[in-house]
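There are 2 protein chains.
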Amino acid sequence: MAASTLTEVARLAGVSPATASRVLNGSARTPGPDIAERVRKAADSLGYIPNAQAQGLAKSSSGLIGLIVHDIADPYFSAIARGVQTAARHQNKMVLLATTAGSPADERAAVAAFAARRADSIVIAGSRSTRTSDRQGNAELAAELDRYCRNGGRVGVVGHAVVGAESDEGYHVVEVPNEDLAAALARELAASHAGEFVIIAGPEGLLTSDDRVRGFQRGLADAGLPPADVLHTGFDRTGGYEAGLELTARISAPGGSRGAGPDAGYPRLCIFAVNDVMAIGATAALRSKGLRIPRDAAIAGFDDIETLRDFRPALSTVRLPLEEIGRLAVPVAGSGPTAAATVGVTGEVTLRRSTEPAGEPAT
Amino acid sequence: MAASTLTEVARLAGVSPATASRVLNGSARTPGPDIAERVRKAADSLGYIPNAQAQGLAKSSSGLIGLIVHDIADPYFSAIARGVQTAARHQNKMVLLATTAGSPADERAAVAAFAARRADSIVIAGSRSTRTSDRQGNAELAAELDRYCRNGGRVGVVGHAVVGAESDEGYHVVEVPNEDLAAALARELAASHAGEFVIIAGPEGLLTSDDRVRGFQRGLADAGLPPADVLHTGFDRTGGYEAGLELTARISAPGGSRGAGPDAGYPRLCIFAVNDVMAIGATAALRSKGLRIPRDAAIAGFDDIETLRDFRPALSTVRLPLEEIGRLAVPVAGSGPTAAATVGVTGEVTLRRSTEPAGEPAT
DNA sequence: CTGTTAGCGCCTTCAA
DNA sequence: TTGAAGGCGCTAACAG
């Protein structure tokens, strides 16, 4: 038993399909009130549901917004996804989800799939990388996106303009001042912190990570401090954990080059992890070795993930309005190519207990 | 400049559209190797991308899986979403996302929208409620789902069978033994805990919450204990926080009916929050009043949310294989109605520091 | 093995 | 205002 069609409804109402179409869907003006009523009754007596595929085919537009993330279970992305979802609802469109683990090849495929479905717009969250191994992938992704735009699609990007995009038309980017915010964070930390700094970063070439590292170093320089060592690792909790383990040795090495042991009152190490989840991983690693935050080391993250808000010690970080970012990343429906623009959001350095001076044990 | 069509490709290759279709899309067997080559070259010289809408229309199937969650930013749902996404990829379909905040009316609308798009299957996560105010909404949701099934759709449900579903055909449910697991948790806690028990639950009528409450009470009874008081509140962190504040009064009331104050060695209150996020909220509330876990009260949650794994004190909870649940919830593609079945998953009581006997301060 | 002929369900000119 | 006709892009039956 297949779903009933517009034609069936029309027949039951004793009108032509065209008329039925006019009353049931947003046409210019509803036909004669009596007719309209008849059609409507017929429609829901049959449980009629318009076939969006057919509508889409006829109108060549789908009411779909494609969203590309690395991993929907990552709280960073799921927060953005919520924003995208909100914006989609306002445009009454639905969102199509693709997860790519950050692989440019998968992202390209996702764009193609969205294009195939004639998505009205595509939102790409999650930073791309400049690694040479990704060069070709990036180029192909850029090409695919360009083609999508040329065919009338709009794309919204979180963070950076798409690497290698040819035209600006159709691109809409939400700029996140990662570098500046990281610099601000560094300066604030430098003001209250006497020890050395070290950065736990994602893989080299990951744009977001690189920006935050660069900014942090700049902030240190602004404060007259030497650049921090940088540990490159995975951009997730596991990466943070591994880096944390490495740092453990460095912190607790008795008389080690950094001098500060768990029992020393020496200046502690101050760790900047380029995102919250990594910071949490690092914290867990330190803790597993008996080290305590902020007693034995200070640590700060980036993003201010909501689910981590109650984490103890409260994590110093940079608050990013993730949901708003998601909302803003959705290109405005029906706007001409000229609407492609760059909007900026702003974050906020948020110092909490994890970078407080070592003192009493945490409450 | 519109996207190029199959017809254009065919023309460029000097063959008929049908032939082009055969080579470019999954037909029985690829036509003549030379022809095939020509077509393929023509296709990507034009940057041809098949129009999924048209394909769907012609084949009446869309390669879409609809996913309905309360809130994609909630880690419980995003974990499930990841599983759904994985399964979808295996069936090479894409997932369409709808968020409903648990409103039956929105869920109904989402089902209708999915049906309109001819989604091959729909997955509903998030418990429905039996509140009388939702009665009509539930009925309409059930009706919409039934219609969808009758038209050949498959639906996967997480947790419970859909309230009021008429036929079993097409329904596929992943059963989560909330009640049994909660009972097991209660028994384990009862074995090591001497104080009173109290339950922080979601709104009355929310199936998942009710099941967990019922199970916990049963477990207490099994252990020969009286039923716990139940506080009904929101099913999220805020709800947990509010309930936590209420309990604070109860815990710290000097000589209050429960007798145990922060400084007393008396049996502590043991709080069971029906999900992790609520447990975290409650913990934050207690902490805000200077109470410490597990010193002043024990607390346990449910779900074992991954992002909360590093929370301190480590939260006792019931581990649910959320991602697997998501994966299993996706109905098998192309299976007949008979494939509709109920699969079960199992969880695991996981006792951690938050319910340990009060002792030294947490490490 | 290839081409021709019909639709899939809807929207949109165009006449009436 | 309403109906009739054509097409959106593709696939699936048939022929050849």
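Just so you know, the sequences run in chain order A and B.
Each residue of the first sequence is one higher than the one before, counting from 1 in the numbering used here.
Each residue of the second sequence is one higher than the one before, counting from 1001 in the numbering used here.
C-beta: ideal position from N, C-alpha, C; glycine also.
From a predicted model like this one, the values you see are computed outputs, not experimental measurements.
N-terminal and C-terminal residue of the alpha helix (DSSP H) that residue i is part of
| i | result |
| --- | --- |
| A/Val213 | 207 to 222 |
| A/Glu144 | 135 to 150 |
| B/Val1009 | 1006 to 1013 |
| A/His232 | Not the alpha helix (DSSP H): A/His232 falls in the beta strand (DSSP E), residues 229 to 232. |
| B/Leu1057 | 1052 to 1059 |
| A/Phe114 | 104 to 116 |
| B/Val1277 | 1276 to 1288 |
| B/Ile1080 | 1075 to 1090 |
| A/Val23 | 17 to 24 |
| A/Arg38 | 33 to 46 |
| A/Ser192 | 178 to 192 |
C-beta neighbour in chain B for residue i, strict 7 Å
| i | result |
| --- | --- |
| A/Thr317 | no |
| A/Met94 | yes |
| A/Gly47 | yes |
| A/Thr7 | no |
| A/Ile280 | yes |
| A/Thr99 | yes |
| A/Ala54 | yes |
| A/Leu24 | no |
Partners in chain A for residue i, counting only beta-carbon separations shorter than 7 Å
| i | result |
| --- | --- |
| B/Ala1125 | The contacting residues do not exist; B/Ala1125 stays about 13 Å from chain A at best. |
| B/Asn1275 | Chain A residues near B/Asn1275: none, gap ~13 Å exceeds 7 Å. |
| B/Thr1248 | Result: empty, since nearest Cβ-Cβ is about 15 Å, beyond 7 Å. |
| B/Ser1078 | Ile72, Ala73, Ser78 |
| B/Thr1208 | Within chain A, no residue comes near B/Thr1208; the closest Cβ sits about 19 Å away, beyond 7 Å. |
| B/Ala1243 | Within chain A, no residue comes near B/Ala1243; the closest Cβ sits about 15 Å away, beyond 7 Å. |
Element boundaries [beta strand (DSSP E), containing residue i]
| i | result |
| --- | --- |
| A/Gly156 | 154 to 159 |
| B/Tyr1171 | 1171 to 1175 |
| A/Thr99 | 94 to 99 |
| B/Gly1326 | Looking at the DSSP string, B/Gly1326 is not in any beta strand (DSSP E); the run it does join, the alpha helix (DSSP H), is 1322 to 1329. |
| A/Val349 | 348 to 350 |
| B/Ala1297 | 1297 to 1300 |
Within-7 Å CB hit, residue i to chain A
| i | result |
| --- | --- |
| B/Gln1085 | yes |
| B/Gln1217 | no |
| B/Gly1261 | Bear in mind that a pLDDT of 44 at B/Gly1261, under 50, signals an unreliable position, so the number given afterwards is only what the model happens to contain. No - not a single Cβ of chain A is within 7 Å of the one on B/Gly1261. |
| B/Asn1151 | yes |
| B/Gln1136 | no |
| B/Leu1012 | no |
| B/Leu1057 | yes |
| B/Ala1194 | no |
CB-CB length for residue i against residue j, believed under 8 Å
| i | j | result |
| --- | --- | --- |
| B/Ala1142 | B/Val1162 | 6 Å |
| A/Val123 | A/Leu207 | The pair is not a contact, with the Cβ atoms about 17 Å apart (cut-off 8 Å). |
| A/Gly219 | A/Arg187 | 5 Å |
| B/Ala1042 | B/Leu1012 | 4 Å |
| B/Leu1096 | B/Pro1050 | The Cβ separation is near 19 Å, so there is no contact. |
Beta-carbon neighbours of residue i, restricted to chain B and to distances below 9 Å
| i | result |
| --- | --- |
| A/Pro331 | By Cβ distance, chain B contributes nothing, its closest Cβ being about 18 Å from A/Pro331, past 9 Å. |
| A/Gln91 | Those do not exist, as A/Gln91 stays about 13 Å from chain B at its closest Cβ, beyond 9 Å. |
| A/Cys105 | According to the sequence shown, residue 105 of chain A is Ala rather than Cys. Here the premise fails: no neighbours, minimum Cβ distance about 14 Å. |
| A/Ala284 | Arg1309, Asp1310 |
Cβ-Cβ distance between residue i and residue j below 7 Å
| i | j | result |
| --- | --- | --- |
| B/Gly1083 | B/Gly1347 | no |
| A/Cys270 | A/Gly202 | no |
| B/Thr1307 | B/Pro1017 | no |
| A/Pro313 | A/Ile293 | yes |
| B/Gly1224 | B/Met1278 | no |
| A/Ala298 | A/Gly244 | no |
| A/Leu320 | A/Asp296 | no |
| B/Val1330 | B/Gly1126 | no |
| B/Ala1300 | B/Ser1288 | no |
Chain B residues whose Cβ lies nearer than 7 Å to that of residue i
| i | result |
| --- | --- |
| A/Arg147 | Gly1047 |
| A/Pro50 | Ala1116 |
| A/Gly223 | It should be noted that the sequence gives Ala, not Gly, for residue 223 of chain A. Residues of chain B passing the Cβ test: none, with the nearest at roughly 30 Å. |
| A/Ala112 | Ile1049 |
Contacts that residue i makes with chain A (C-beta to C-beta distance below 8 Å)
| i | result |
| --- | --- |
| B/Asp1071 | Arg82 |
| B/Thr1350 | Neighbours of B/Thr1350 on chain A: none; closest Cβ ~17 Å, over 8 Å. |
| B/Ala1298 | Those within 8 Å of B/Ala1298 in chain A number zero; the least Cβ separation is about 17 Å. |
Contacts that residue i makes with chain B (C-beta to C-beta distance below 8 Å)
| i | result |
| --- | --- |
| A/Phe311 | Asp1310, Phe1311, Arg1312 |
| A/Ala20 | Those do not exist, as A/Ala20 stays about 16 Å from chain B at its closest Cβ, beyond 8 Å. |
| A/Leu320 | Simply none; closest approach about 14 Å. |
| A/Ser62 | Gln1053 |
Chain-ordered neighbours of residue i on chain A, where CB pairs are closer than 9 Å
| i | result |
| --- | --- |
| B/Leu1141 | What B/Leu1141 touches in chain A: nothing, since even the nearest Cβ is about 14 Å away. |
| B/Ala1109 | Near B/Ala1109 there are no residues of chain A at all, since even the closest Cβ is about 10 Å away, more than 9 Å. |
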